[in-house]
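Before any comments, here is the structure.
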Amino acid sequence: RESTQSTSSLERDAAYSYFLKLADRQTTDNSMASTRRFAVALLVIFTLNTFLLHTESVSCCLSYTKRQIHCQRMKGYTIQTVMSICDMDAIIFHTNSGKFVCADPAKKQTQETIQCLSARAKSIA
Numbered sequence: 001r002e003s004t005q006s007t008s009s010l011e012r013d014a015a016y017s018y019f020l021k022l023a024d025r026q027t028t029d030n031s032m033a034s035t036r037r038f039a040v041a042l043l044v045i046f047t048l049n050t051f052l053l054h055t056e057s058v059s060c061c062l063s064y065t066k067r068q069i070h071c072q073r074m075k076g077y078t079i080q081t082v083m084s085i086c087d088m089d090a091i092i093f094h095t096n097s098g099k100f101v102c103a104d105p106a107k108k109q110t111q112e113t114i115q116c117l118s119a120r121a122k123s124i125a
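Here the sequence shown stands for residues 1 to 125, where the numbers follow the UniProt record's numbering.
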């Protein structure tokens, strides 16, 4: 009888030891998987951050205004060319209220507004 009890005790200990090793292996596998997921997430964040830092925010005119452009309401202008990232030539007028107005550089009114702003700048300087 003692030999039967010791055999079942050994079997129980062996089974218990096996389950402990199995649980330990699963914990190790889970922590390795978690570490891999963390590393991949970190790599993705780093890549996106690098990409976003090197991306320029560009506003391009897509159409011209049909409204009258009054020199008194403008504080300056920027020239947009096809050579840049944008698809069309334009004059971007900067209004006193902080807005932007896109104008056709070939139009007479646009040229007059540019001359008015240039004359104003010369009188200030």
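All residues carry an ideal CB built from backbone N, CA and C; glycine is no exception.
Option in the options with minimal Cα separation from residue i
{"i": "residue 131", "options": "Ser17, Glu11, Gln109 and Ile124", "result": "As shown, the chain starts at 1 and ends at 125. That puts residue 131 outside it, with no answer to give."}
{"i": "Gln72", "options": "Thr65, Arg120 and Ile92", "result": "Arg120"}
{"i": "Lys66", "options": "Phe38, Lys21, Pro105 and Thr35", "result": "Pro105"}
{"i": "Ser84", "options": "Lys21, Leu117, Ser59 and Tyr64", "result": "Ser59"}
{"i": "Tyr64", "options": "Gly98, Lys107, Ala41 and Glu11", "result": "Lys107"}
Within 8 Å, strictly: CB atoms of residue i and residue j
{"i": "Cys61", "j": "Cys86", "result": "yes"}
{"i": "Asp89", "j": "Thr95", "result": "no"}
Rounded distance between the beta-carbons of residue j and residue i, thought under 8 Å
{"i": "Phe100", "j": "Ile91", "result": "Wrong, their Cβ atoms sit about 10 Å apart, outside the cutoff."}
Decide if the stretch 104–116 is in contact with the stretch 60–79; the criterion is three or more beta carbon pairs, one per stretch, under 8 Å apart. yes
Could you tell me which uninterrupted alpha helix (DSSP H) segments, each at least 4 residues in length, are contained entirely in the UniProt domain "Chemokine interleukin-8-like" (57–117), listed from first to last along the chain? none
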